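Participant: The opening residue of the sequence shown carries number 322 in the numbering used here; numbering runs sequentially from there. Ideal Cβ positions, reconstructed from N, Cα and C, are used throughout, including at glycine. Note that this is a predicted model, so its numbers are computed, not measured.
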Amino acid sequence: MATIEHAGTAAVGKWIGVEGGTVTQYVNRYADTDNPCPEPDVKIRQGKGFVYGWAFNREQEWRGWNARRLGQGAAGTSKPGSGRRRQPE
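Structural data, given as structure tokens:
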């Protein structure tokens, strides 16, 4: 059987300019929003959580998702679930 390689959170993080741990946070934080992260191609159960993996050819999908992402760092927005709202100007 051939081994199939996937990009983990560290590789995805390099694609979008964040740490691998941040990718895991994004997967959870944006799951129930209008802009969820690209669905992983593989989820490996590890302890109480999962290790995620994506096909290497999905880099552009991740870059597009990140360009649409609202949250900290995006002008006039707050991260999902923070309870903060943009104040009228």
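Let me check understanding here. Comparing Cα to Cα, which of Ala376, Gln346, Val333, Gly338 lies closest to Trp363?
Facilitator: As a position in the sequence shown, residue 363 is number 42, starting the count at 1. Note that residue 363 is Val in the sequence shown, not Trp. When each option's Cα is compared against that of Val363, the closest is Ala376.
Participant: Give the straight-line distance between the Cα atoms of Gly385 and Glu340, rounded to the nearest whole angstrom.
Facilitator: Numbered from 1 along the sequence shown, position 64 holds the residue referred to as residue 385. Numbered from 1 along the sequence shown, position 19 holds the residue referred to as residue 340. Between Gly385 and Glu340, the C-alpha separation is close to 18 Å.
Participant: Taking the alpha carbon of Tyr373 as the point to measure from, which residue in Ala323, Trp336, Val344, Gly338 has its own alpha carbon closest?
Facilitator: Stepping through the sequence shown from its first residue, residue 373 is reached at position 52. The candidate whose alpha carbon is nearest that of Tyr373 is Val344.
Participant: Can you round the beta-carbon distance between Trp383 and Pro359 to whole angstroms, since I take them to be within the 8 Å contact cut?
Facilitator: Here residue 383 is taken as the residue at index 62 of the sequence shown, counted from 1. Here residue 359 is taken as the residue at index 38 of the sequence shown, counted from 1. Indeed they touch by this definition, with Cβ atoms about 6 Å apart.
Participant: Per DSSP, Phe371 is paired with what?
Facilitator: Counted from its first residue, the sequence shown places residue 371 at position 50. DSSP output for Phe371 lists Arg366 as bridge partner(s).
Participant: Is the separation between the beta-carbon of Asn356 and that of Arg379 shorter than 8 Å?
Facilitator: Reading the sequence shown from its first residue, position 35 is the one you call residue 356. Reading the sequence shown from its first residue, position 58 is the one you call residue 379. Not in contact: Asn356 and Arg379 (Cβ atoms no closer than 8 Å).
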